[in-house]
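Residue 85 in my numbering sits at position 75 of the sequence shown, with consecutive numbering throughout. Yeah, the Cβ is synthetic: ideal placement off N, Cα and C, and Gly gets one too. As the structure is a computational prediction, the values presented were derived from the model and not from experiment. Notes follow the structure.
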Amino acid sequence: MTCKTPLLLAALLALAACKPAQEPTPASSQPPAQAPTPAAPAPVEDTPAERVTAEFPTLKMKAVDGSDYDLAAHRGKWVVVNFWATWCAPCRKEMPELSALHAMRSNIEVVGLAYEDIELPEMQSFLTKHPVTYPIVIVDPFDPPTDFATPRGLPLTHLIDPQGKLAHSFLGPVTAADIEQQIAAAK
């Protein structure tokens with residue numbers, strides 16, 4: 011053997027060490043799992059994602075005083091439908107003004123929809139400390155009236171015209187002047 015052979019052999023071994031390693035063969039004889047096929051998208055429903063107040067909303071519920079409240083029975087007058095809650099400071103602040111509006115204007119009526127999880131005795135106790143002249147209805151926040159948009163904030167007030175049509179909605183505190191101004195603009 012000549013001297014060149016061991017050098018050649020060393021060079022080949024060095025080059026062999028530089029080759030990238032091959033992937034090991036899987037021990038399992040099963041083919042690799044395929045990625046799951048994406049499911050077809052869910053069909054789009056015809057109902058809107060967000061509920062809106064109906065053009066001519068209906069509302070039939072039991073009031074805190076035990077009477078039946080039916081919005082349709084108040085046709086011929088403007089009706090203020092006020093979503094509120096006992097824990098809502100702006101709601102409590104507007105209650106006396108809405109109460110005075112209800113008592114002093116024969117063409118305007120107010121109904122308060124207590125939008126909270128509260129029991130009847132608790133509401134009655136609250137109303138003895140914060141009396142109002144208008145009817146109060148407790149509304150289940152998990153099952154609100156279907157003809158009204160789900161409140162995104164409180165207070166939320168809807169003004170219904172004498173024909174029963176939604177005339178305007180106010181998000182946030184409202185005053186008697188705001189309501190009377192909207193009524194005047196609608197005439």
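- Listed in chain order, the non-local C-beta contacts of Leu-123 below 6 Å within the same chain comprise Phe-93, Val-147, Val-149, local neighbours out to five positions each way being set aside.
- Note on Ala-99: under 16 other CB atoms within 10 angstroms of its CB, so exposed under the neighbour-count rule.
- Here Thr-185 is exposed: its Cβ has fewer than 16 other Cβ atoms, across all protein chains shown, within 10 Å.
- If only complete runs of 3 or more residues are kept, the region 98-125 shows the beta strand (DSSP E) at 118-125, in order along the chain.
- Contact annotation, Asp-157 with Trp-88: C-beta distance approximately 17 Å; criterion of less than 8 Å not satisfied.
- In the structure shown, Leu-69 falls within a coil segment according to DSSP collapsed to helix, strand and coil.
- Secondary structure note for Phe-158: it is in no beta strand (DSSP E), with a DSSP letter that is neither H nor E.
- Beta-bridge partners assigned by DSSP to Asp-80: Lys-70.
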